[in-house]
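Taken in sequence, the protein lines are chains D and B. According to this note's numbering, the residues represented by the first sequence are 3 to 167, in order. According to this note's numbering, the residues represented by the second sequence are 306 to 767, in order. The beta carbon of each residue, even a glycine, is placed where N, CA and C say it ideally should be. In this text, all values refer to a predicted model and were calculated from it rather than measured experimentally. Report on one structure; see the data block that follows.
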Amino acid sequence: MRLISVIVFVVTVIIVTNAHATIAVVVNKSNPVTDISYNELKQILEARKQYWSNGDRITLIFKPIVSNETRTLIDMVYKIKYDEFDKYWFLKVYDNKIMEFPKILNSAGTINILVSEIQGAIAFIGVYEVSKRGNIKMLKINGKMPDEDGYPFKIKEQISLNPSR
Amino acid sequence: MTRFLNPIAIVIITLLLITTKCVYAQEISEAEYQQLKNRLKTEFMQKLKEEIKKELLGELKSEYTIEPKQKQVAEKPITTVKVNDPKNESKEVSTREEETVKYTEHQKGVEEIELDKARYRLGEGLTFGEQLLTIRGFGNVNARYRDNNIGERFDSGDNFFSLGEFDLFMTSKLSNRISFLNETVFEFDPSGEVEIDIERLLIHYDVNNLLKIDVGKFFLPVGYWVPTYNHGVWFQTTMDRPDIVNFQDKGGPLPTHDTGIKVSGSALLEGFDLNYACAISNGRGVNTTQRQNFDDVNDKKALSLQFEVQPHIVEGLRLGPSVYYDVIPEDETNPNRENEIREIIYGGHIVYTTRNIELLTEAFVINHDEVSGDVFNTFGGYAQFAYTINKFKPYYRYDYIDYDNSDTFYRESKFDFFDTNTHTIGLRYELSHFNAIKFEYSHGVFDDEDVNIIGLQTAFSF
């Protein structure tokens, strides 16, 4: 009986972990974009592209650097060390390439609210953290939804407590 | 056998039932039975209430994460829950109303704290109402030893501690597309006085990707180092700037800041990004140190233009040319500088930066053409390589400048402009996210004089 309980527990943990193992790209519902290419997304993440096609200014919203989502983005897109993330953005503000720092928020709930309220917002959160209500929508990347094969933003590893990686 | 099983089973069950009834009849009287019944009923109602409360809270929580607070409260119909209570058979409890108010108030507080924390974490700094002012800055402290003291640049002792620049960097968003930027530097000069320099003061209009306009005092779009690192010593890998891009008021040959208007932008093309920047500004004063923040002595404006390509095929590579044109006014107080000088600076940079590698190269040709017909050319540049290994970053830089010694503009300056040939090796260590220790040794030949310098610097950002 105990063995069965342990197995059920392990299976549940695996299911829950996998449920959060993909990053969803969410934008405000008023945004005309529904499908975005990986390259375009990279340009947005690197602040090379700062405006949507409808003229709205892009507001980047991230979870904290210790989150799996942001760390995956840093590994895949920025290719810098985690503790250089602040320096990366500080240099962009210092060079006057961008007007303000990206928003970094702890709670997925607050991120959902902000994306609902800011027309040009784009945020990166766990798939199952995306609110099904509210003024937000999930973007396809290269025509793929997060549950489809070929979706690029899959989290590879779990949270590491060592920020200097 | 099976024929007898059924009657036997019936008998056994009947006996069991009778026994049970007897036991109950013996143990619980009618009054006690009623009491037990009431108690169970009360417990059941209590549990039911708690369940309903939990469910409502859960529902409110999930809805609250999406919808604004006021909207949510207004839109939610207040329903009542009919509950059977043993004491009061039908009691109407407006649970949702109470819970909504309580939860809204609680969440309001939580969300405000959350957003405040978020603002703090963003580095948005001091908050004055809706308009956010961000203040960050840089500082550095140095220790140096050198074996030779040449020129005015080296007019102090051979070993010393020195305060570097104290740099306050402020930005404020005035609207979704307008922002303000200021960089004020407190410099400590050898006389012991503190000089306050407004290095940048501008208003920025962000039209779109292709067009951004800066009006005020800004870094000139000349090469890579000048518009990128400038006063942020903590940003740069090395202790000092390369000699060719040293500040004008520290004896550098290039103009670095100016007052005017600058337009810039990026075109995201197939295969590469094309960045451009173009500035029209007051230009240089009569000598290398005169600033023209308030007016322009000769009314002739300086023009700088820069293009930069970032090919997608090699991530981290940036390269491009820049050109600067100005007419330097004559100096009426100096008989050796009685002519205007047409100045054209051609520059180019190739930069490659990845997670571990930093390769910076820049070269400039400074052409001074006097009206009298004399033409002078100065050539300079640097190449810097650094490789990051965990928190350590060893680096090497080669600096080179070859001045035209008869160039009156440099010759008549208050600084000595030496031909420079310097090798620098060093190690940068990231002590924390915002503090780096740099240790370096450099061997330079300045106009045939050898100088060895050992330096230690702690550079920080706050």
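Next item on the list: For Lys51 of chain D, go through chain B and note every residue whose CB falls closer than 7 Å to its CB, in chain order.
Entry: Asn514 and Leu573
Note to self: Considering only the alpha carbon of each residue, which of D:Val29, D:Thr74 and D:Phe155 lies closest to Arg59 of chain D?
What the structure shows: D:Val29
Checklist line | Own chain partners of Phe471 of chain B with C-beta closer than 6 Å, once the 5 adjacent residues on each side are dropped | finding: Gly444 and Phe491
Note to self: To the nearest angstrom, how far is the alpha carbon of Ile694 of chain B from that of Arg660 of chain B?
What the structure shows: 10 Å
Next item on the list: Would you identify the three-state DSSP class for Gln340 of chain B, choosing helix, strand or coil?
Entry: helix
Notebook entry, point to check: So what's Tyr629 of chain B in DSSP terms, helix, strand or just coil?
Noted result: strand
Check: Closer than 9 Å, CB to CB, is Lys146 of chain D near chain B or not?
Finding: no
Item checked: Chain-ordered residues of the region 640-662 of chain B with a beta carbon less than 9 Å from chain D -> Thr659 and Arg660
Check: Do the CB positions of Arg642 of chain B and Asn592 of chain B come within less than 9 Å of each other?
Finding: yes
Checklist line | Inter-residue Cα distance where the pair is Asp151 of chain D and Ile38 of chain D | finding: 16 Å
Note to self: Under 9 Å, Cβ to Cβ, is there at least one residue of chain B near Val95 of chain D?
What the structure shows: yes
Notebook entry, point to check: Taking Cβ-Cβ distances below 8 Å as the criterion, which residues of the region 53-73 of chain D are in contact with chain B?
Noted result: Tyr53, Gly57, Arg59 and Pro66
Checklist line | Positions along the region 523-541 of chain B whose CB lies within less than 7 Å of some CB in chain D | finding: Pro532, Thr533, Gly537 and Phe540
Next item on the list: Taking a Cβ distance cut-off of 8 Å, strictly less, list which residues of the region 80-110 of chain D are near chain B, in chain order.
Entry: Lys81, Ile82, Lys83, Asp85, Asp88, Lys89, Phe92, Leu93, Val95, Tyr96, Asp97, Asn98, Met101, Glu102, Phe103, Pro104, Lys105, Ile106, Leu107, Asn108, Ser109 and Ala110
Check: Rounded C-beta distance between Ala26 of chain D and Pro154 of chain D? I'm assuming under 8 Å.
Finding: That belief does not hold up - the Cβ atoms of Ala26 of chain D and Pro154 of chain D are roughly 12 Å apart, past 8 Å.
Check: Where do the N-terminal and C-terminal ends of the beta strand (DSSP E) with Gly570 of chain B fall, by residue?
Finding: His562 to Leu573
Checklist line | Other residues of its chain near Ser677 of chain B: CB distance less than 8 Å, five sequence neighbours each side excluded | finding: Asn644
Next item on the list: Could you tell me the distance, in whole angstroms, from the CA atom of Leu624 of chain B to the CA atom of Val446 of chain B?
Entry: 33 Å
Next item on the list: Can you grab the Cα-Cα spacing for the pair Tyr90 of chain D / Tyr450 of chain B, in whole Å?
Entry: 33 Å
Next item on the list: Tell me, please, whether the CB atom of Tyr130 of chain D is closer than 9 Å to any CB atom in chain B?
Entry: no
Margin query: Checking the sheet assignment: what are the DSSP bridge partners for Gln762 of chain B?
Written below: B:Asn447 and B:Lys743
Note to self: Within the continuous alpha helix (DSSP H) that includes Ile60 of chain D, where are the two ends?
What the structure shows: Counting along the chain, Ile60 of chain D falls outside any alpha helix (DSSP H), and DSSP gives it neither H nor E.
Check: Would you say Glu663 of chain B and Val550 of chain B are within 9 Å of each other, going by their C-beta atoms?
Finding: no
Note to self: For a quick check, are the C-beta atoms of Asp258 of chain B and Thr725 of chain B less than 9 Å apart?
What the structure shows: The structure shown does not extend to residue 258 of chain B, since chain B is modelled only from 306 to 767, so the question has no answer here.
Check: Can you find a C-beta in chain D that's less than 9 Å from the C-beta of Asn740 of chain B?
Finding: no
Note to self: The beta strand (DSSP E) that contains Asn672 of chain B, what's its start and end?
What the structure shows: Ile662 to Glu675
Check: Just curious, the beta strand (DSSP E) that Ala110 of chain D is in, first and last residue?
Finding: It is not in any beta strand (DSSP E) - Ala110 of chain D instead sits in the alpha helix (DSSP H) that spans Ala110 to Glu119.
Item checked: Touching by the beta-carbon criterion (3+ pairs, under 8 Å), the region 695-715 of chain B and the region 724-741 of chain B -> yes
Notebook entry, point to check: My guess is that Ile138 of chain D and Val117 of chain D are in contact by the Cβ rule of under 8 Å, so how many angstroms apart are they, rounded?
Noted result: 5 Å
Checklist line | Min CB distance Gln762 of chain B to chain D below 9 Å | finding: no
Next item on the list: Mind reading off the beta-carbon distance from Arg505 of chain B to Phe523 of chain B? Whole number of angstroms is fine, and I expect it under 8 Å.
Entry: 6 Å
Next item on the list: Please go through the same chain and pick out, in chain order, the residues whose beta-carbon is closer than 8 Å to the beta-carbon of Leu47 of chain D, but skip the five residues on each side of it.
Entry: Leu62, Leu75, Val79 and Tyr80
Next item on the list: Using alpha carbons as the reference points, say which of B:Thr533, B:Asn453, B:Phe577 and B:Ser480 lies closest to Val619 of chain B.
Entry: B:Phe577
Item checked: Neighbouring residues, chain D, relative to Phe474 of chain B (Cβ below 8 Å) -> Tyr96
Check: What separation, rounded to the nearest whole angstrom, lies between the Cα atoms of Glu372 of chain B and Val95 of chain D?
Finding: Caution is warranted here: a pLDDT of 42 is assigned to Glu372 of chain B, below 50, making its placement in the model unreliable, and the coordinate value is therefore given only provisionally. Using only the alpha carbons, I get a separation of about 32 Å.
Notebook entry, point to check: Measuring CB to CB, does Phe485 of chain B end up less than 9 Å from Gly537 of chain B?
Noted result: no
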